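Asker: Pasting a structure here, questions to come.
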Ligand SMILES: [Zn+2]
Ligand SMILES: [Zn+2]
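In my numbering, the protein residues as written are 22 to 157.
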């Protein structure tokens with residue numbers, strides 16, 4: 022068993038590991054979970070609120086809101102002004118870590134790893150055809 026200082030209230034607590042929140046005592050975690058429900062309801066009622074507004078009205082830090090978004094626990098509507106950014110290309114997204122393009126790229130790379138050569142050959146053939154045309 023490990024004893025840690027709570028990042029939220031500063032008290033010592035018995036660290037049991039795991040969970041969504043690091044370095045927080047059980048008290049602070051349950052308070053934060055209440056906050057999460059509050060923020061979630063707030064977003065449903067105020068679809069066009071920005072992060073600062075949510076942070077002010079729900080008394081929660083913008084960083085915490087962003088963390089929930091990254092964890093895909095909070096999802097904003099399409100008309101919401103809130104955007105976070107893809108960690109790979111910087112495109113604005115509504116939740117998670119990557120935009121749909123980058124998610125696709127990742128799965129493309131995975132399928133190429135498992136040997137789908139035909140795509141490569143096709144590109145080569147087109148290139149040769151073009152060269153022949155230029156030679157004329
Ligand atoms: Zn605490
Ligand atoms: Zn991206």
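Glycine included, every Cβ here is placed at the ideal spot set by N, Cα and C.
Remember, it's a predicted structure, so these values are computed and weren't measured experimentally.
1) How would the residue list near ligand 1 read, in chain order, if you kept each one whose beta-carbon is closer than 6 Å to any heavy atom?
2) I'd like to check one pair, residue 91 with residue 117: are the Cβ atoms closer than 8 Å?
3) Pick helix, strand or coil for residue 106, following the three-state DSSP scheme.
4) Under the rule that 16 or more other beta-carbon atoms within 10 Å means buried, what is residue 70, buried or exposed?
5) Regarding residue 79 and ligand 2, is the C-beta to nearest heavy atom distance less than 7 Å?
6) Going straight from the alpha carbon of residue 44 to that of residue 28, what length do you get?
7) Please classify residue 120 as buried or exposed, where buried requires at least 16 other C-beta atoms within 10 Å of its C-beta.
8) Expressed to the nearest angstrom, what Euclidean distance is found between the alpha-carbon atoms of residue 32 and residue 130?
Answerer: To lay it out plainly:
1) 27, 29, 30, 32, 45, 46, 48 and 49
2) yes
3) strand
4) buried
5) no
6) 5 Å
7) buried
8) 46 Å
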